Amino acid sequence: MRPQEGGFTLVEMMVSVTILSLVMLATVTGLRTLASTQSSLNRVTDRNDEIRSVSSFLRDALESAVVGSSSGGLTMGGGSAEMTVFEASPTQLMWKTTMMFGESTGGSFVARVAQESDDIVLRWQKMDARGQMGDWNNAAARTLVEGAQEFSVAYRRQPNGLWLSEWDGRGAPGWVRLRIRSAERYWPDIVMEVAR
74 MRPQEGGFTL VEMMVSVTIL SLVMLATVTG LRTLASTQSS LNRVTDRNDE IRSVSSFLRD
134 ALESAVVGSS SGGLTMGGGS AEMTVFEASP TQLMWKTTMM FGESTGGSFV ARVAQESDDI
194 VLRWQKMDAR GQMGDWNNAA ARTLVEGAQE FSVAYRRQPN GLWLSEWDGR GAPGWVRLRI
254 RSAERYWPDI VMEVAR
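Converting from the sequence shown to the working numbering requires adding 73 to each position, the first position being numbered 1.
Put into C-alpha cells, the structure is as follows:
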C-alpha cells in the first residue's frame with residue numbers, strides 16, 4: 074500500500090473558491106453601496122450648502138436695504154420722484170441696497186432677483202444722475218440657483234397677515250417670502266423681515 078500524498082482534492086478546491094468568490098462579491102457590493110451612499114450624501118450636503126448660502130446672502134442684502142423717508146417704506150430714492158422698491162410682481166424682488174464686492178469695491182445699487190430661463194439670477198445696477206435705471210438685461214449678474222423649476226415672491230404687511238402674491242406698492246411690506254423649487258424638490262421657504 075502506497076502512502077497517500079498531501080494536497081487538496083478537487084472538491085475542497087471548489088468549495089474554497091466558492092467561499093472566496095462569495096466573500097469578494099460581498100466586499101464589492103459593500104463598496105458599491107458605500108460609494109452610492111457617499112454620492113447621495115454629497116448631493117444633499119451640496120444642496121443644503123446652496124440653500125444656506127443663497128438664504129444668507131439674500132437676508133444680508135435685504136437687511137441693508139435703503140429706507141425711504143417720505144413714503145414710510147423702502148424706496149429707490151430721488152426725493153419727490155421716489156419709486157417703491159417692491160413692484161407688484163410675484164416673480165421678482167427689487168430693492169435699493171448697499172453691496173460690497175471684495176474689500177474696496179461697492180456702493181449703492183438697485184438689486185433685482187428674478188427667474189431667467191432655468192436660473193434664479195441676481196442683477197444689480199446703479200441709477201443714473203436722473204434716478205433712472207438701464208436695461209436689466211445689460212446689468213451685472215450672478216446666478217444664485219441653477220436649474221430652478223419655480224420661483225415665486227409673496228409679501229406680508231403684518232406678522233399674522235395673509236401672504237399676497239401681488240404687492241400694492243404702498244410702502245414696504247413687513248415680510249417677504251421666496252419659494253424656490255429645483256431638482257424636483259422645494260426648498261424651505263426663505264422668509265425675510267424687511268428693514269423699516
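Where is the CB? At the ideal position from N, CA and C, for every residue including glycine.
Note that the coordinates shown come from a computational prediction; the quantities given were computed from them, not determined experimentally.
Reduced DSSP secondary structure (H/G/I, E/B, other) of residue i
{"i": "W182", "result": "Here residue 182 turns out to be Phe, not Trp, going by the sequence shown. It is a strand residue."}
{"i": "T110", "result": "helix"}
{"i": "T171", "result": "strand"}
{"i": "A99", "result": "helix"}
{"i": "A138", "result": "strand"}
{"i": "V84", "result": "helix"}
{"i": "E123", "result": "helix"}
Those residues which DSSP pairs with residue i across a bridge
{"i": "I263", "result": "L251"}
{"i": "R258", "result": "S255"}
{"i": "L166", "result": "V186"}
Same chain, Cβ closer than 6 Å to residue i, neighbours up to 5 away in sequence not counted
{"i": "S181", "result": "T171"}
{"i": "E266", "result": "W248"}
{"i": "M86", "result": "none"}
{"i": "E223", "result": "R254"}
Residues near residue i in its chain [Cβ-Cβ closer than 7 Å; skip 5 each side]
{"i": "A212", "result": "R196, W197, Q198"}
Residue i CB to nearest heavy atom of the ligand ADP below 7 Å
{"i": "S94", "result": "This structure does not include the ligand ADP; it has no bound ligands of any sort."}
Worksheet item: For the stretch 189 to 197 against the stretch 90 to 104, are there 3 or more C-beta pairs whose distance is under 8 Å?
Response: no
Discussion item. To test your reading of the DSSP string, which unbroken beta strand (DSSP E) runs of 3 or more residues are found completely within the stretch 186 to 247?
Written reply: 192 to 198, 213 to 218, 221 to 229
Worksheet item: Do the stretch 113 to 132 and the stretch 248 to 268 meet, that is, are 3 or more Cβ pairs less than 8 Å apart?
Response: Three or more beta-carbon pairs separated by less than 8 Å link the stretch 113 to 132 to the stretch 248 to 268, which places the two stretches in contact.
Item to complete: Could you say if the stretch 215 to 235 and the stretch 245 to 252 meet the contact criterion of at least three C-beta pairs nearer than 8 Å?
Response: A contact exists between the stretch 215 to 235 and the stretch 245 to 252.
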